[in-house]
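A.B. asks: Just so we're aligned: 228 in the working numbering is position 225 of the sequence shown, and the numbers increase by one with no gaps anywhere.
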Amino acid sequence: MSSAVLHGLPADGAEMIAEQFVRARLAGQSLMQYPGIVPTTLADAYRCQELAIDRFPDQIVGWKVARIGAAFAQRFPEERLVGPVFSRNLHTARVGQVVDFPVIEGGFGAVEAEIVLRVNEDAPADKKVWSIDEAAELVRSFHLGVETAVSPLATLNELGPGAVISDFGNNWGVIVGASIGEWRSIEEIVALTFIDDGFVGRGTAFIRQGALGALAFALSKCAERGRPLRAGDYISTGAITGVHDIRSGQQSRLVFEGCGEVECRAVRAGPYLAGAPR
């Protein structure tokens, strides 16, 4: 294996990071430590993510978006990050249904109340910069939803954005709930999160700067990477009430005031079967 340097991280180091995370995810097994040197730049981190995507035996059906905290802004000078959502881990929540989602025993697991947007048409491959108003024109539908943030590595978030980006943005699924038809008339939505009936968080989603801002970022970032958004893609736009730890066997209820709710349950992950029925 070549040891040439790519974006500052040795090529064999980036390959090892991608290989170890993909292998662990496919097996549903945890990692005891980060598999190599944690990327210290956006270029290095996304290089690892690209190598992992190339190895993963499933189709991308969307992207998660999350904010980069102020403490990391100097080293990672973008307001948000993205990670792929794969077909097998895209779930639809129907009214009254509890959706099961996998968590890796010994790894990181959390639920996040989010607004999920679906893209109406293929984004032009040559358009690299998107405004919020331009992004809004590409929205097919607006949904209540949940990101299931899961990693084989329990300490992934603690290691910062470089680690998070390298491992698919700490994403292991999106649950798509009820659609909101008149979303353009809504300025904000208040959400509450409960785990096993215990209240764990409350927050407000601001539709323009939050959800649509996240979509504009995803359109720009994915185009920059040569992965322009496609018709039908789902974009999970960022945590509203926070990132809430959850373990196998626990259940979460995420309430979007005046709009509906989503219920889900963490179950122990087994081997990943790409394309299996959801």
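Positions of the beta carbon are idealized from the N, C-alpha and C atoms, including for glycine. Treat the numbers as computed from the prediction; the structure is a model and nothing was measured.
(1) So within the segment 92 to 146, which uninterrupted beta strand (DSSP E) runs reach at least 3 residues, ignoring any that extend past its ends?
(2) Since G110 contacts L156 with CB under 8 Å, what's their CB separation in whole angstroms?
(3) Give me, in chain order, the residues of the same chain whose beta-carbon lies closer than 7 Å to that of C225; leave out the 5 immediate sequence neighbours on both sides.
(4) Going straight from the alpha carbon of G273 to that of S188, what length do you get?
(5) Measuring CA to CA, which of V149, G172, E150 and T151 is closest to N160?
(6) Between which two residues does the alpha helix (DSSP H) holding I56 run?
(7) Quick check for students: name the residue ranges of the beta strand (DSSP E) that lie wholly in the segment 193 to 278, counting only runs of 3 or more.
(8) For P164, report the span of its alpha helix (DSSP H) as first-last.
(9) Within 10 Å of its beta-carbon, does S134 have 16 or more other beta-carbons around it, so buried, or fewer, so exposed?
(10) Check the C-beta distance from D47 over to F89 and give it rounded, since I have them as a contact under 8 Å.
(11) Compute the Euclidean distance between the alpha carbons of E227 and L147, then round it to the nearest angstrom.
(12) Compare the C-alpha of A55 against each of F24, V101, V106 and P105 and name the closest.
(13) How should E140 be labelled, buried or exposed, when 16 other C-beta atoms within 10 angstroms of its C-beta is the threshold for buried?
(14) Between the alpha carbons of A96 and G176, how many angstroms are there, rounded?
(15) Quick check on DSSP: helix, strand or coil for A181?
(16) Please classify E82: does DSSP put it in a helix, a strand, or coil?
(17) Skipping 5 residues on each side, what residues in its chain have a beta carbon closer than 6 Å to that of A242?
(18) I need the straight-line Cα distance from K131 to P42, nearest angstrom please.
(19) Give the DSSP-derived three-state secondary structure of R70 in the structure shown.
C.D. replies: With the given structure in hand:
(1) 93 to 95, 101 to 106 and 111 to 122
(2) Here residue 110 refers to the residue found at position 107 of the sequence shown. Here residue 156 refers to the residue found at position 153 of the sequence shown. About 6 Å; that satisfies the 8 Å criterion.
(3) One-based indexing of the sequence shown puts residue 225 at position 222. W66, V85, P231 and L232.
(4) To locate residue 273, count along the sequence shown from 1; it is residue 270. To locate residue 188, count along the sequence shown from 1; it is residue 185. Distance between the alpha carbons of G273 and S188: 42 Å.
(5) Locating residue 160 in the sequence shown gives position 157, where the first residue counts as 1. Comparing Cα positions, the closest option is G172.
(6) Position 53 of the sequence shown, counted from the first residue, corresponds to residue 56. L45 to R58 is the extent of the alpha helix (DSSP H) around I56.
(7) 201 to 209, 237 to 239, 254 to 259 and 263 to 271
(8) Here residue 164 refers to the residue found at position 161 when the sequence shown is read from its first residue. From DSSP, the alpha helix (DSSP H) with P164 extends over P164 to S169.
(9) Walking along the sequence shown from the start, residue 134 turns up at place 131. It is exposed - the Cβ of S134 has fewer than 16 other Cβ atoms within 10 Å.
(10) For the purposes of this step, residue 47 is taken as residue 44 along the sequence shown, with counting starting at 1. For the purposes of this step, residue 89 is taken as residue 86 along the sequence shown, with counting starting at 1. Not really, about 23 Å apart at Cβ, beyond 8 Å.
(11) In the sequence shown, residue 227 corresponds to position 224, counting from 1. In the sequence shown, residue 147 corresponds to position 144, counting from 1. C-alpha separation (whole angstroms): 28 Å.
(12) Taking the sequence shown and counting its residues from 1, the one referred to as residue 55 is at position 52. Comparing Cα-Cα distances from A55 to each of F24, V101, V106 and P105, the minimum goes to F24.
(13) Here residue 140 refers to the residue found at position 137 of the sequence shown. Burial call: exposed.
(14) Within the sequence shown, the letter at position 93 stands for residue 96. Within the sequence shown, the letter at position 173 stands for residue 176. Taking the straight line from one Cα to the other gives about 13 Å.
(15) Position 178 of the sequence shown, counting from 1, holds the residue named residue 181. Three-state DSSP puts A181 in a strand.
(16) Along the sequence shown, read from residue 1 onward, the residue named residue 82 stands at position 79. If DSSP states are grouped into helix, strand and coil, E82 belongs with coil.
(17) Along the sequence shown, read from residue 1 onward, the residue named residue 242 stands at position 239. Same-chain partners within the cutoff: E115.
(18) Your numbering for residue 131 matches position 128 in the sequence shown. Your numbering for residue 42 matches position 39 in the sequence shown. K131 and P42: Cα-Cα distance of roughly 24 Å.
(19) Translated into the one-based positions of the sequence shown, residue 70 becomes position 67. It is a strand residue.
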